[in-house]
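A short write-up of the structure that comes next.
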Amino acid sequence: AQSVTQLGSHVSVSEGALVLLRCNYSSSVPPYLFWYVQYPNQGLQLLLKYTTGATLVKGINGFEAEFKKSETSFHLTKPSAHMSDAAEYFCAVSEVRTGNQFYFGTGTSLTVIP
Amino acid sequence: KAGVTQTPRYLIKTRGQQVTLSCSPISGHRSVSWYQQTPGQGLQFLFEYFSETQRNKGNFPGRFSGRQFSNSRSEMNVSTLELGDSALYLCASSLGRGTGELFFGEGSRLTVL
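Going down the list, the protein sequences come from chains A and B. Going by the working numbering, the residue at position 43 of the first sequence is 61; the numbering climbs one at a time, nothing skipped. Going by the working numbering, the residue at position 113 of the second sequence is 139; the numbering climbs one at a time, nothing skipped.
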C-alpha cells in the first residue's frame with residue numbers, strides 16, 4: 019500500500035531564505051506525486067505534480083520538486099521564501115491501479131519570519 | 027470556468043443527527059472524491075464516484091455514504107453523527123482518467139456537539 023511521510027510538521031524560515039519541505043513515499047509501482055498547499059479555511063490547491071518524464075518539476079509561485087526514485091523522495095523547494103508562502107503543505111501519492119485515490123502526508127505548516 | 031462548489035460551508039449538528047453535504051464539480055469532470063480532514067488524522071479518503079458509480083471506498087463505517095447524480099454533482103451523507111465526525115469535509119473533482127490532479131472545493135466544516 020502507498021504511504022507518504024512528511025518530515026517536520028512545522029518548518030520556520032526567514033523571509034528570503036530557502037524553503038525545503040521533505041516528502042518520502044512508499045509505493046510498489048511508479049507513483050504519481052503531488053504537492054498541494056492549503057491556506058486557512060480553504061481547500062487544497064495544486065502546486066505541482068510528477069507523473070512521468072523529467073524528474074525536476076516546476077510549479078506555481080516559484081516552487082519546484084525533484085523526484086528521486088532511489089531515495090523514494092519528492093522534496094519541495096523554493097529558493098526565496100515570501101510572506102505569502104505561509105500555509106500548510108501536503109505531499110500526496112497515487113497509483114494508476116487505485117485510480118483517483120490519493121494518499122496524503124500529514125502536512126507541514128510553513129511559517130515565514132519577516 | 028467555475029471551480030468546485032461545496033455547500034454548506036459551515037454547519038453545526040448534535041450527536042445522533044444526520045447531515046448531507048453537497049458538491050458540484052468543475053464542468054466536464056466526471057469523478058468526484060470526498061476526503062475528511064481532521065487535525066489528528068489529516069486527510070483521509072472517504073470514497074470516489076465516477077459516472078454515478080462508486081469506484082473506490084476508504085476505510086470508514088457504513089454511516090458514511092455518498093452518491094453521484096447524472097450531472098456529476100455529488101452528495102455525501104453521515105448518519106447518527108458522533109463527536110468524532112467533526113471535521114472539514116473536502117470534495118475534489120477530476121476528469122477521472124488515470125490519476126490526474128484533483129481540484130478541491132473549499133470544504134464543508136461540520137461541528138458535532
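All C-beta atoms in this analysis are idealised placements derived from N, C-alpha and C, irrespective of residue type, glycine included.
Once you ignore the five residues that flank leucine 74 of chain A on each side, which residues in its own chain have a CB closer than 6 Å to its CB? Glu84
DSSP bridge partner residues for asparagine 103 of chain B (one or two, in chain order): B/Thr46, B/Ser91
Where does asparagine 97 of chain B land, buried or exposed, given buried means 16+ other C-beta within 10 angstroms? exposed
So what does DSSP say about serine 120 of chain B, is it helix, strand or coil? strand
First and last residue of the beta strand (DSSP E) that includes isoleucine 131 of chain A? 126–131
With H, G and I counted as helix, E and B as strand and the rest as coil, what does DSSP make of glycine 68 of chain B? strand
What are the start and end residues of the beta strand (DSSP E) that includes glutamate 82 of chain A? 82–86
Going straight from the alpha carbon of lysine 83 of chain B to that of phenylalanine 95 of chain B, what length do you get? 17 Å
Quick one: is glutamate 101 of chain B near chain A, going by C-beta distance under 8 Å? no
Which residue from A/Gly71, A/Lys86, A/Leu64, A/Thr90 puts its Cα closest to that of isoleucine 78 of chain A? A/Leu64
Mind listing the chain B neighbours of lysine 67 of chain A? Cutoff is C-beta to C-beta under 7 Å, in chain order. Glu127
Strictly below 7 Å CB to CB, what residues from chain A border glycine 122 of chain B? Asn118
Could you tell me whether the Cβ atoms of glutamine 24 of chain A and glycine 123 of chain A are closer together than 8 Å? yes
In the DSSP assignment, what residue or residues form a beta bridge with arginine 81 of chain B? Its beta-bridge partners do not exist; DSSP assigns none.
Along chain A, which residues have their Cβ under 9 Å away from the Cβ of phenylalanine 90 of chain B? Those do not exist, as phenylalanine 90 of chain B stays about 15 Å from chain A at its closest Cβ, beyond 9 Å.
Which residues bound the beta strand (DSSP E) around isoleucine 52 of chain B? Run containing isoleucine 52 of chain B: none; DSSP gives neither H nor E here.
Glutamate 127 of chain B beta carbon less than 8 Å from that of glutamine 60 of chain A: no
Coil, strand or helix - serine 32 of chain A by DSSP: strand
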